[in-house]
Amino acid sequence: MPDPGSDSEVSSVWKRELSESYRSVSDLPEIFAPCREEREYLESPGRGFRFSVPRNYFALAGDDENDPVRLQFMPRSEEFNTKGYETGDPLGEKLHKVTDRLIHRYYDRALFIASDVCAMYCRHCFRRDYLTADQSPLTEAEIENAASYLKKHSEIKELIISGGDPFMLDDKKINDLLYIFRLARPDIVFRVATRTPVVLPSRITPSLLKVLTDFKPLFIMTQFNHPAELTEESVKASGDLINCGIPVMNQTVLLRNVNDSVVVLAELFQKLVSCSIKPYYLFQGDLAAGTAHLRVPILQGMEIMKELRSRISGLALPVYAVDLPGGGGKVPLTESYVGRISGNKVILIDSEGKEFSYPLE
Ligand SMILES: *Cc1c(COP(=O)(O)O)cnc(C)c1O
Ligand code: SF4
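Quick look at the structure:
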């Protein structure tokens, strides 16, 4: 029987797919007609945030300029408009940098920026300024610096490895990175934030799976934003991770015209659960410069969540959260079901607005 593709053959498919990505207006297939706003952006080279989209992800988009997949990868001239309240560092991450690449914002978690490239540049990206500036490649000294910080800070129980997309590094670099951190902290839990299962599923190769399996406990945090992204390939990539004992969690970004509807989100979250992927967060759009056209008003987001809560199971329901501008961190956006205190009782309100009392003692 022929070998079903040697490891190195399978492993090179993603590199080829990545190199064949569309990166400029002239790369795009001839039958694709950019709208005025898209053309205006792409014809202003040197301005704005990088553009690159793998062909397979591009192929998921429809002809409509407001197609939910197309809106995520096609830049539009609206990105040149910046609101007064938008910034280049919307989460205030610089304030919490403890080494070149390590952000220690929460007591028991830290975040390591492993890469400054992505397989696809999401138009809503909140690290777009970081990714636009030319960063130098990850060095061993930077990894060692972060590892020695982790060694000194035993209160840190989880390390989030983010970027950019950490899976743009090659398998060896990923192995070295995890190895150095694991050596410094045998007890630490890894979380790798990557969009590759969605936008470049061929990246989840047998050899990458082998590397990851050696460093459990390890969770993958991915980003499905629309049911159309749940293709045979992306579901298989996620399933391969899960079958290796690597849980896959999903962080959706609430995006205008992409998923700002109860019907779309309910379908997305239910389908994710049926693929054994846990919807973890639904993020309110961060105040990154040039992303206003993709943001959903916060009160509308809360209305959507309220309806979702009464429609889908707790397993399918993520936490709706906003990362506070200026470095305040994440807070959940939940309406209160606690009405008022009355005597020795608390009045609780159910999803239909009916009041119930519960004793305080
Ligand atoms: C989001 C985030 C985390 C993780 O927060 P969780 O609520 O545990 O998912 C950790 N550090 C930074 C800097 C973050 O932005
Ligand atoms: S994958 Fe993440 S870091 Fe990369 S462009 Fe998308 S949102 Fe930004």
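Using this note's numbering, the first residue of the sequence shown is number -7, and each one after it goes up by one.
C-beta atoms are modelled at their ideal positions from N, C-alpha and C, and glycine is treated no differently.
Because the structure is a prediction, the values reported are computed rather than measured.
Nearest CA to the CA of residue i: which residue from the options?
i      : options                           : result
ASP163 : LYS322, GLU347, ARG42 and LYS7    : LYS7
VAL181 : ILE105, SER328 and PRO209         : PRO209
SER154 : CYS114, GLU134, VAL184 and GLU71  : VAL184
VAL240 : GLU224, LYS346 and THR186         : THR186
PHE211 : ASP55, VAL255 and ILE234          : ILE234
LYS143 : PRO271, ARG174 and VAL45          : ARG174
GLY156 : VAL314, SER16, TYR141 and LEU103  : LEU103
GLY345 : CYS267, ILE166 and GLU327         : GLU327
ARG42  : ARG31, ARG15, GLU353 and THR79    : ARG15
GLU225 : ILE152, ILE105 and VAL191         : VAL191
LEU201 : CYS236, PRO178 and GLN215         : CYS236
LEU20  : VAL45, SER36 and SER11            : VAL45
ALA308 : GLN262, LEU204 and PRO189         : GLN262
CYS110 : SER13, CYS27 and SER0             : SER13
GLU78  : PRO310, CYS267 and ALA281         : ALA281
TYR272 : GLU353, GLN243 and HIS145         : GLN243
LYS228 : VAL255, LYS165, CYS267 and GLN215 : CYS267
ASP232 : LEU204, PRO37 and GLN215          : LEU204
ILE152 : ARG97, ALA133, PRO37 and SER305   : ARG97
ASP315 : GLY277, ASP342, SER343 and GLU295 : GLY277
Whole-angstrom Cβ separation of residue i and residue j, contact assumed at under 8 Å?
i      : j      : result
THR91  : ALA138 : 5 Å
PRO67  : LEU34  : 7 Å
LEU300 : ALA258 : 6 Å
ASP81  : ASP121 : 7 Å
GLU70  : GLU29  : 6 Å
PRO366 : LEU274 : It is not possible to answer for residue 366, since the shown part of the chain is limited to -7 through 353.
ILE296 : VAL255 : So it is not a contact: roughly 10 Å between Cβ atoms.
ILE166 : PRO158 : 7 Å
Can you give the Cα-Cα distance for residue i and residue j, rounded to whole angstroms?
i       : j      : result
THR131  : TYR312 : 36 Å
ILE339  : VAL330 : 6 Å
PRO(-4) : PRO198 : Only weak support exists for where PRO(-4) lies, its pLDDT of 44 falling under 50; the value from the coordinates is given anyway. Looking at the two C-alpha atoms, the distance is approximately 12 Å.
LEU83   : LYS89  : 12 Å
SER354  : GLU57  : The requested residue 354 does not occur in the structure, where the chain is confined to residues -7 to 353.
SER230  : THR283 : 28 Å
ALA176  : ASP206 : 15 Å
MET160  : GLU150 : 22 Å
PRO(-6) : ARG62  : Reliability fails at PRO(-6), whose pLDDT of 42 lies under 50, so the model's placement of it is uncertain and the value that follows must be treated cautiously. Going by the C-alpha atoms only, they are around 39 Å apart.
ASP252  : PRO60  : 10 Å
GLU347  : LEU325 : 22 Å
ARG39   : GLU32  : 11 Å
ALA106  : LEU169 : 9 Å
ILE196  : ILE269 : 16 Å
ARG119  : GLU353 : 47 Å
SER343  : LEU264 : 24 Å
GLU22   : GLY293 : 38 Å
Can you find the residues in the same chain that come closer than 6 Å, C-beta to C-beta, to residue i, ignoring five residues on each side of it along the sequence?
i      : result
ILE172 : ILE135 and ALA139
Taking 8 Å as the CB-CB limit, is residue i close to chain C?
i    : result
LYS7 : The structure shown contains no chain C; it is built from a single protein chain.
Can you find the residues in the same chain that come closer than 7 Å, C-beta to C-beta, to residue i, ignoring five residues on each side of it along the sequence?
i      : result
SER194 : VAL5, TRP6 and GLU9
TYR350 : LYS337, VAL338 and LEU340
Take residue i and list the residues in its own chain whose beta-carbon comes closer than 8 Å to its own, dropping the five residues that flank it on each side.
i      : result
ASP100 : GLU147, ILE148, LYS149 and GLU150
Query - Contact between the segment 313 to 320 and the segment 334 to 349 (3+ Cβ pairs under 8 Å) - result: no
Query raised in the report: Is it true that the segment 67 to 76 meets the segment 210 to 220, where meeting means three or more beta-carbon pairs spaced less than 8 Å apart?
Result: no
Query raised in the report: Should the segment 280 to 289 be called in touch with the segment 237 to 250, which here means at least 3 C-beta pairs below 8 Å?
Result: yes
Query raised in the report: On the three-pair Cβ rule with 8 Å, is the segment 47 to 54 touching the segment 115 to 123?
Result: no
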